[in-house]
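Chemist: Residues in the sequence shown are numbered consecutively from 0, following numbering that gives the first Met the number 0.
Where a beta carbon is used, it is the ideal one built from N, C-alpha and C, also for glycine.
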Amino acid sequence: MAQQANENWKLSIVSPVYNEADTLPQFVDEVTTMLDQIQPPGGAEIILVNDGSHDNSAAILDRLATEHPGRIKAVHLSRNFGMEPAIQAGLSISSGDAIIILDADLQDDPAAFTDFIKAWQDGNQVAYAVRSSREEGPLQRALFWTFYRLLSWIAHIDLPLDASNFALMDRRVVDTLLKMPESNRFLRGLRAWTGFKQIGIPVARRKREHGQTRLGLRGQWRLAMNAIFSFSYVPLFCFRLAGALSIVLCMLLIFWALYAKLITGIAVDSWASLFIVTTFFGGVNLLGIGIIGEYVARIHDDVKGRPNFIIDRVNGDYHE
Ligand code: UDP
Ligand code: MG
0 MAQQANENWK
10 LSIVSPVYNE
20 ADTLPQFVDE
30 VTTMLDQIQP
40 PGGAEIILVN
50 DGSHDNSAAI
60 LDRLATEHPG
70 RIKAVHLSRN
80 FGMEPAIQAG
90 LSISSGDAII
100 ILDADLQDDP
110 AAFTDFIKAW
120 QDGNQVAYAV
130 RSSREEGPLQ
140 RALFWTFYRL
150 LSWIAHIDLP
160 LDASNFALMD
170 RRVVDTLLKM
180 PESNRFLRGL
190 RAWTGFKQIG
200 IPVARRKREH
210 GQTRLGLRGQ
220 WRLAMNAIFS
230 FSYVPLFCFR
240 LAGALSIVLC
250 MLLIFWALYA
260 KLITGIAVDS
270 WASLFIVTTF
280 FGGVNLLGIG
290 IIGEYVARIH
300 DDVKGRPNFI
310 IDRVNGDYHE
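(1) Beta carbon of residue 212: closer than 8 Å to some heavy atom of the ligand MG?
(2) Would you check if the distance between the CB atom of residue 173 and the CB atom of residue 90 is smaller than 9 Å?
(3) Return the residue from the list 12, 54, 16 that minimises the CA-CA distance to residue 37.
(4) What are the start and end residues of the beta strand (DSSP E) that includes residue 266?
(5) Could you check what DSSP says for residue 82 in three-state terms: helix, strand or coil?
(6) If the criterion is Cβ atoms closer than 9 Å, does the pair residue 226 and residue 168 meet it?
(7) Could you say if the region 258–269 and the region 198–215 meet the contact criterion of at least three C-beta pairs nearer than 8 Å?
(8) Short of 7 Å in beta carbon distance, which residues of its chain neighbour residue 318, apart from the five on each side in sequence? Order them along the chain.
(9) I'd like the span of the alpha helix (DSSP H) that includes residue 47, first residue to last.
(10) Going by DSSP in three states, residue 168 sits in which element: helix, strand or coil?
(11) Using only alpha-carbon positions, find the residue among 93, 171, 129 that is nearest to residue 200.
(12) Which residues in the same chain have their Cβ closer than 6 Å to the Cβ of residue 103, if we skip the five residues on either side of it in sequence?
(13) Is it the case that the CB of residue 106 approaches a heavy atom of the ligand MG more closely than 8 Å?
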């Protein structure tokens, strides 16, 4: 039987919400139906984190929380902080022995809950969805495919391919994640970093029912940058390599110039070669500084020590 589940285990569901007014009622309906099937012995809570939505989500969340007292918690952040901080805020409020994170836009299928719970009861501390299919266009799919493979190749931890945020985590894993103060978080990486026993479960990703992706290209780009710069030093290595190769190239050019001048007596002329070499290495230098800057900016964020999110209120109550 359950390795980590005590007899009276409780389940928490955590979902970040940004302008999801159109999907929220159906989402809560689907999740509640699943929870009624599962019937966790210690009960279940659904934590919906309103990440500074500017549609009607806040009011809908408050209404849902009043309609399902004790089951739904509406957590309102003080502004839009982004998906990762919203998830972190939800985790910080959660009290379950097992915690499931899923998007509120119905792209993550609640039917997978039962597989997650079974994997957890079989002794896994993390059961994460592996996207068995995606609904995005071919270009986006190709980009995701390439990115995940590149990331798992350069990352200094074992990052599972195509793993999704949609996952069940044991309380101990969540507590470990909450103890990590770093900003610019990439949950899938941090989750893998914690270790423990993890298992990937294929889950088809559904189509977004309403509206466009809230994360957008910019959000995806930011996540990708966090993933690379928080879990890899390969970008720095590339610049050390480029530096070494430039020195070798420079030596060859010096020998060539000397040979031309001393042996053939005809000095290498043309300002074009000088111009090309200078601008090329100028560019390489700036790129290198930019790469270092990405790491430095992250250190700067961590040194400032600002909280990753601010909770304004939970249901109707102000949060200290
Ligand atoms: N989200 C959020 N804050 C944001 C952007 C998105 O809380 O600034 C939520 C959004 O409501 C959804 C989840 O994060 O529940 C995933 O967002 P989205 O569907 O846009 O991501 P995608 O599926 O396109 O990767
Ligand atoms: Mg989505």
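Modeler: According to the structure shown:
(1) At least one heavy atom of the ligand MG is nearer than 8 Å to the Cβ of residue 212, so yes.
(2) yes
(3) 12
(4) Here residue 266 belongs to no beta strand (DSSP E), and DSSP marks it neither H nor E.
(5) helix
(6) no
(7) no
(8) 310, 311, 312
(9) Where residue 47 is concerned, there is no enclosing alpha helix (DSSP H), although the beta strand (DSSP E) it sits in stretches over 43–49.
(10) strand
(11) 129
(12) 14, 16, 19, 26
(13) Checking every heavy atom of the ligand MG against the Cβ of residue 106, one is found closer than 8 Å.
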